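**Q** The numbering of the sequence shown is the numbering used here, which starts it at 1 and goes up by one.
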Amino acid sequence: MGTLTYDVVKQIHFDDRLLAHLQLVIATKLRRGESFNFSWKTDPSEGSGRTTIWLHPAIPLLYEFQGSRQPSINRVWLDELMASADSVTGLQVIPEPREDRPRRQDDEPLRASSLQ
1 MGTLTYDVVK QIHFDDRLLA HLQLVIATKL RRGESFNFSW KTDPSEGSGR TTIWLHPAIP
61 LLYEFQGSRQ PSINRVWLDE LMASADSVTG LQVIPEPRED RPRRQDDEPL RASSLQ
């Protein structure tokens, strides 16, 4: 279980695999100078509901992973998370799709240059 610390005051716990994908999407958006909403459903063990935070390049983030190995990256999931982040509602945590899922025609691939 990894942790995302937001502005030193809020710690949010995510699975390491999800956190690795979120880190790539968030870093890409912030590197471009883009601000956006980030939302997720509250874990049932902590109650219920949904949380949204505003991400901005000036707000410090700290990613801490429990495991020492970098998880493999699912490009389909990364593309879907990036599309979510680029939408009006902002980045939403979504379940990981199968990597071999056929792409829809309207799927726009995430360019490798956008991850640099």
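A virtual CB, placed ideally from N, CA and C, is assigned to each residue, including glycine. Computed from a prediction, not measured in an experiment: that's the story for all the values here.
Within this structure, are the beta carbons of Phe-14 and Ala-85 separated by less than 8 Å?
**A** Locating residue 14 in the sequence shown gives position 14, counting from the first residue. Locating residue 85 in the sequence shown gives position 85, counting from the first residue. No, these two residues do not count as a Cβ contact at 8 Å.
**Q** Could you compute how far the alpha carbon of Thr-51 sits from the alpha carbon of Leu-91?
**A** Position 51 of the sequence shown, counted from the first residue, corresponds to residue 51. Position 91 of the sequence shown, counted from the first residue, corresponds to residue 91. Going by the C-alpha atoms only, they are around 12 Å apart.
**Q** From the DSSP output, in three-state form, read off Ser-39 for me.
**A** One-based indexing of the sequence shown puts residue 39 at position 39. Strand.
**Q** Any idea what DSSP makes of Thr-52, helix, strand or coil?
**A** Position 52 of the sequence shown, counting from 1, holds the residue named residue 52. Three-state DSSP puts Thr-52 in a strand.
**Q** Cβ of Pro-57 within 8 Å of Cβ of Gly-33?
**A** In the sequence shown, counting from the first residue as 1, residue 57 sits at position 57. In the sequence shown, counting from the first residue as 1, residue 33 sits at position 33. Contact flag set, yes.
**Q** With the cut-off set at 8 Å, would you say Ala-20 and Ile-94 are in Cβ contact?
**A** What you label residue 20 is simply residue 20 of the sequence shown in a count that begins at 1. What you label residue 94 is simply residue 94 of the sequence shown in a count that begins at 1. Result no, Cβ atoms of Ala-20 and Ile-94 do not sit closer than 8 Å.
**Q** Run the CB neighbour count on Val-9, radius 10 Å, all protein chains shown included, and call it buried at 16 or more, exposed below.
**A** Stepping through the sequence shown from its first residue, residue 9 is reached at position 9. Label assigned to Val-9: exposed.
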